[in-house]
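For reference, the structure is listed below as structure tokens.
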Amino acid sequence: MARVVAGDSDPRCELCSGILKSDTILFGQPLDQDVMARALEASTNCEVFIAVGSSLSVFPAANTLPRAKNSGAKVIIVNGQLTEMDHYADVVVNSEISEVLPQICGVVKSRP
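Heads up, the final residue of the sequence shown is numbered 487 in our numbering, and it's a clean run with no missing numbers.
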């Protein structure tokens with residue numbers, strides 16, 4: 376995240392010099408149906424659902440959060456601003472992701 380904020384250029388592949396892209400979906404890109412099916416299944420079976428840095432307003436992926444909540448999961452939303460789904464959350468953290476996420480990971484790692 377610091378790299379993006381600093382305005383550094385995108386990293387390049389050492390083999391082909393192509394631009395490396397994170398595994399994200401951009402607006403207008405189709406979702407892989409198998410990936411979406413696995414995400415919906417995982418959201419139904421999880422104990423904790425953490426949404427990080429998402430507006431939670433793009434469907435069908437946004438369906439995973441209410442599905443998790445309705446299946447009994449604890450829901451945590453970490454985002455720089457309010458979302459349409461904050462009412463589902465057990466915990467809402469409106470702060471810089473780069474500050475909050477390492478703290479959450481530290482708590483999770485310290486658990487037995």
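Note that the Cβ used here is the ideal one computed from N, Cα and C, for glycine as well. All figures in this text were calculated on a predicted structure; none of them were measured in a lab.
Identity of the residue in the options nearest residue i by Cα
i: residue 412; options: 482, 437 and 487; result: 437
i: residue 433; options: 458, 445 and 416; result: 458
i: residue 416; options: 389, 444 and 391; result: 444
Start-to-end residues for the alpha helix (DSSP H) that takes in residue i
i: residue 475; result: 472-485
i: residue 458; result: That residue, residue 458, is in no alpha helix (DSSP H); it is neither H nor E in DSSP.
Extent of the continuous beta strand (DSSP E) run through residue i
i: residue 449; result: 449-454
i: residue 469; result: 466-469
Rounded Cβ spacing between residue i and residue j (contact assumed at less than 8 Å)
i: residue 465; j: residue 450; result: 5 Å
i: residue 394; j: residue 383; result: Incorrect: roughly 13 Å between the Cβ atoms, too far for contact.
Bridge partner(s) assigned by DSSP for residue i
i: residue 424; result: 450
i: residue 387; result: 394
Residue i classed as buried or exposed, judged by whether at least 16 other C-beta atoms fall within 10 angstroms
i: residue 399; result: exposed
i: residue 418; result: buried
i: residue 424; result: buried
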